[in-house]
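Novice:
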Amino acid sequence: MHQPDCIFCKIVKGELPCAKVFETDHVLAFLDIAPVAPGHALVIPKAHHVNLFDLPEEAAVRLFAALSPVGAAIMAATGAAGLNVQINNNAAAGQVVFHAHAHLIPRHEGDGLRLWSGHPYADNAAMQAMAAAVRQALAPSR
Ligand code: 5GP
Ligand code: ZN
Numbered sequence: 003m004h005q006p007d008c009i010f011c012k013i014v015k016g017e018l019p020c021a022k023v024f025e026t027d028h029v030l031a032f033l034d035i036a037p038v039a040p041g042h043a044l045v046i047p048k049a050h051h052v053n054l055f056d057l058p059e060e061a062a063v064r065l066f067a068a069l070s071p072v073g074a075a076i077m078a079a080t081g082a083a084g085l086n087v088q089i090n091n092n093a094a095a096g097q098v099v100f101h102a103h104a105h106l107i108p109r110h111e112g113d114g115l116r117l118w119s120g121h122p123y124a125d126n127a128a129m130q131a132m133a134a135a136v137r138q139a140l141a142p143s144r
């Protein structure tokens, strides 16, 4: 259930401190030690799972069920006008701590935090080909 060398498992076990904001039998939420903005929190399953792809459905449901109430409380406490939910999966996507977690980042108008910018497909055929490739990966036998 826990990984001895995982910092978030150590937080769950109480071996490392955290600024806790929410807890159930299965989920823990605490403030990020290096916040994008004050109130930036992490919501984690108490059991060790590497990331979203390693999360059993029941654990994912419990994690996602916490996002709305904890996110709303962070907005209320910080006076934020918005909130980003972000989950980084694998190093290529910026994951640094390999214990599944969702970031809750309170947002204020004009806070300067930039999201990614989009680039259109070359044409509709390229977009449809990508959709077909993803469908194929989901259900290769069809
Ligand atoms: P990732 O890039 O893996 O999605 O984000 C990991 C997050 O965990 C980072 O935002 C980082 O600031 C936070 N973090 C790393 N170590 C600790 C810690 O010991 N305590 C807390 N509260 N947050 C941590
Ligand atoms: Zn862990």
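For the sequence shown, my numbering assigns the number 144 to the last residue and increments by one with no breaks.
In this text, a Cβ means the ideal position worked out from N, Cα and C, and glycines have one as well.
Using the beta carbon as the reference atom, which residues fall closer than 5 Å to any heavy atom of the ligand ZN, ordered along the chain?
Specialist: 5, 8, 10, 11, 50, 101
Novice: In the DSSP output, which residue or residues are listed as bridge partners for residue 84?
Specialist: 109
Novice: Closest to residue 25 by C-alpha separation, out of 54, 40, 50, 72, would be which residue?
Specialist: 72
Novice: If the criterion is Cβ atoms closer than 8 Å, does the pair residue 85 and residue 107 meet it?
Specialist: With respect to the 8 Å criterion, residue 85 and residue 107 are classified as neighbours on the basis of their beta carbons.
Novice: Mind checking residue 145: buried by the 16 CB within 10 Å criterion, or exposed?
Specialist: The displayed coordinates of the chain run from 3 to 144. Any statement about residue 145 would go beyond what the structure contains.
Novice: Any contact of the segment 123-131 with the segment 47-57, i.e. 3+ C-beta pairs under 8 Å?
Specialist: With a cut-off of 8 Å, the segment 47-57 and the segment 123-131 do not count as touching, because too few Cβ pairs lie within range.
Novice: For residue 100, does the three-state DSSP call read helix, strand or coil?
Specialist: coil
Novice: Thinking residue 47 and residue 61 are a contact (beta carbons under 8 Å), I'd like their distance in whole angstroms, please.
Specialist: Going by Cβ atoms, the distance from residue 47 to residue 61 rounds to 5 Å, so yes, they are a contact pair.
Novice: Which residues mark the beginning and the end of the beta strand (DSSP E) in which residue 128 is found?
Specialist: Per DSSP, residue 128 lies in no beta strand (DSSP E) segment; the continuous alpha helix (DSSP H) that holds it begins and ends at 126-140.
Novice: What residue does the alpha helix (DSSP H) around residue 10 start on, and which one ends it?
Specialist: 9-15
Novice: Which residue wins for smallest C-alpha separation from residue 98, given the options 137, 10, 6, 4?
Specialist: 10
Novice: Out of curiosity, what's the CA-to-CA distance linking residue 43 and residue 17?
Specialist: A direct Cα-Cα distance of roughly 19 Å separates residue 43 from residue 17.
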